[in-house]
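Take a look at the structure set out below.
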Amino acid sequence: MDLTQRPRRLRGSESIRRMVRETRVDPASLIYPMFVMDGTNLVEEIPSLPGQYRYTVDRMSEELERLSRVGVSNVMLFGIPAEKDSVGSQAYAEDGVVQRALGMAKNQFPDLYLITDVCMCEYTSHGHCGVLHGHDVDNDQTLELLAKTALSHARAGADMVAPSDMMDGRIRAIRECLDSNGFSSLPIMSYAVKYASSFYGPFREAAGSAPSFGDRKSYQMDFHNRREGRKEALLDVAEGADIVMVKPAMSYLDLVRDVREIVDVPVATYSVSGEYAMVKAAAQRGWIDEEKIFCEMAVSAYRAGADIYLSYYAKELAQFMREGRIG
Ligand code: PBG
Numbered sequence: 661m662d663l664t665q666r667p668r669r670l671r672g673s674e675s676i677r678r679m680v681r682e683t684r685v686d687p688a689s690l691i692y693p694m695f696v697m698d699g700t701n702l703v704e705e706i707p708s709l710p711g712q713y714r715y716t717v718d719r720m721s722e723e724l725e726r727l728s729r730v731g732v733s734n735v736m737l738f739g740i741p742a743e744k745d746s747v748g749s750q751a752y753a754e755d756g757v758v759q760r761a762l763g764m765a766k767n768q769f770p771d772l773y774l775i776t777d778v779c780m781c782e783y784t785s786h787g788h789c790g791v792l793h794g795h796d797v798d799n800d801q802t803l804e805l806l807a808k809t810a811l812s813h814a815r816a817g818a819d820m821v822a823p824s825d826m827m828d829g830r831i832r833a834i835r836e837c838l839d840s841n842g843f844s845s846l847p848i849m850s851y852a853v854k855y856a857s858s859f860y861g862p863f864r865e866a867a868g869s870a871p872s873f874g875d876r877k878s879y880q881m882d883f884h885n886r887r888e889g890r891k892e893a894l895l896d897v898a899e900g901a902d903i904v905m906v907k908p909a910m911s912y913l914d915l916v917r918d919v920r921e922i923v924d925v926p927v928a929t930y931s932v933s934g935e936y937a938m939v940k941a942a943a944q945r946g947w948i949d950e951e952k953i954f955c956e957m958a959v960s961a962y963r964a965g966a967d968i969y970l971s972y973y974a975k976e977l978a979q980f981m982r983e984g985r986i987g
C-alpha cells in the first residue's frame, strides 16, 4: 500500500507518543473543592461522594496536609453552617464557618491558595441562592449580600473569591465592594457559565443546600443553550471577572472550547459532584477503571481549552501528573 501519511508512525511507542502529545498538564492548575462545617472534632464522609468528607475547622488541617503533600496547592472552600435563615446571615458573619476556616488555614498553611465559593444557598433556610421575593430570588437585593459575603471572605484571608450564584451584575457588585474596601488586588473567578444541572445532586446532599421548593432554573442556565454561555462569559469579563468558569465540565466541553476562543482571561471548568459520583459508583461495581476514567476526563477538559480544572480527584490527578501517567 502506497501511503504518504501513516498517522500510526507517531503512535508506535510511549516515547514518540509523549513527544508529540498536544495537551500537557500541570498540578498547579488543579483546584480541590473542600467542605467545612460548623461543630467540633468531626470528619464525616459524604454518603453520595464516597471518599469525600466534611470537616470541622479544627479537623481540616488533616486534609490540608494531605493536599500539600501531594502538590495540590489550590483549595475551593464551601461552608456548611449550623444555622440557616431566610437571608443566609452566616454567609457573611465575621465568625462564619468559612471565615474561621480561612483564619486557621492562612495561619497554618501559608503556601496554600485559598479560594472561597460565594453563594447563599448553603446558608439560606429555603436553599435558594439569594433573598426571596415571593417565590423568586430578588436579583438586586441579593447582590448586596453577595458583595458583603465576598468582602468578609477577603477580610478573613481569602486569596480569591468565586461567586457561584448566577445573579446578574454580581461580578460588578463584588468588584466595586472589594475595590472600595482596600481589596482591589483580590481576583474574582466567576462561575460565569453555570447551568441548572442535575449533576449537582450529590453536592446538595453534602451541603444540605437543595432548594426547599422549585428549582434554580430562573437563575442558572438552561442546558439547551450554547450562545447564552458565550454571552454570560463575555458579560462577566466586561464586569471585571479575572477568571471565568464553565460548570459542569464533562457534558459542557463545547462551552469550554467556545469560551476559550472568545475571552483572553483564564478559563476554568468544574468537574462537579455528579461526575465524581458516577465514576465512583461504576468503579465500585467493577464496571470501569476509575483511575483511567478520571484521568481521561481531566485531559479532555484541558484539551477542550481549560486552563484550570476543579475536581474531587485533584489529589489523585496531581500524583498521576507528577508520575507522568498523564500529560
Ligand atoms: C453553590 C454551588 C453549587 C455547586 C458549587 N457551588 C451547587 C448548586 O449550584 O446547586 C455544585 C458543585 C458540585 O456539584 O460539585 N451555588
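Numbered by the working numbering, the letters in the sequence shown go through residues 661 to 987 in order. Every residue gets a Cβ at the ideal spot worked out from N, C-alpha and C, and that includes glycine. Everything numeric in this text was worked out from a predicted model, so none of it was measured.
| Item | Value |
| --- | --- |
| Cβ of TYR752 within 6 Å of any heavy atom in the ligand PBG? | no |
| Give every residue of the same chain whose Cβ lies closer than 8 Å to the Cβ of GLN801, excluding the five residues on either side of it in the sequence, and list them in chain order. | GLY790, VAL791, HIS793 |
| Pick from LYS808, ALA866, TYR860, MET780: whose alpha carbon is nearest that of PHE843? | LYS808 |
| Using 8 Å as the threshold, is the segment 950-957 in touch with the segment 876-886, meaning 3 or more CB pairs across them? | no |
| Helix, strand or coil for TYR860 per DSSP? | helix |
| State the DSSP-derived secondary structure class of ASP796, mapped to helix, strand or coil. | strand |
| Should ALA742 be flagged as near chain B, meaning a C-beta pair shorter than 7 Å? | In the structure shown, chain B cannot be found, because there is only a single protein chain. |
| Helix or strand or just coil, what does DSSP make of THR664? | coil |
| Would you kindly report the start and end of the unbroken beta strand (DSSP E) that includes ALA852? | 849-854 |
| Smallest Cα separation from ARG985: which of SER971, ILE706, ALA958? | ALA958 |
| Pull up the CB-CB distance for TYR972 and PRO908, whole angstroms please, since I reckon it's below 8 Å. | Wrong, their Cβ atoms sit about 12 Å apart, outside the cutoff. |
| Can you look up TYR713 in the DSSP assignment and give me helix, strand or coil? | strand |
| Which partner residues of PRO823 appear in the DSSP bridge assignment? | VAL778 |
| Below 8 Å, how does it come out for the segment 661-670 and the segment 895-911: are there three or more Cβ pairs, yes or no? | no |
| Below 8 Å CB to CB, which residues in the same chain sit around LYS935 once its five sequence neighbours on both sides are set aside? | Inspection of the sequence shows that residue 935 is occupied by Glu rather than by Lys. If we look at GLU935 and ignore the five residues flanking it on each side, its Cβ neighbours are PHE859, PRO908, ALA909, MET910, MET957. |
| Does GLY739 come out as helix, strand or coil in the three-state DSSP assignment? | strand |
| Inspect the CB distances between the segment 803-821 and the segment 742-754 and report whether three or more fall short of 8 Å. | yes |
| Spatial neighbours of ASN799 within its chain, please: CB distance less than 6 Å, with the 5 preceding and 5 following residues excluded, ordered by chain position. | MET827, ASP828 |
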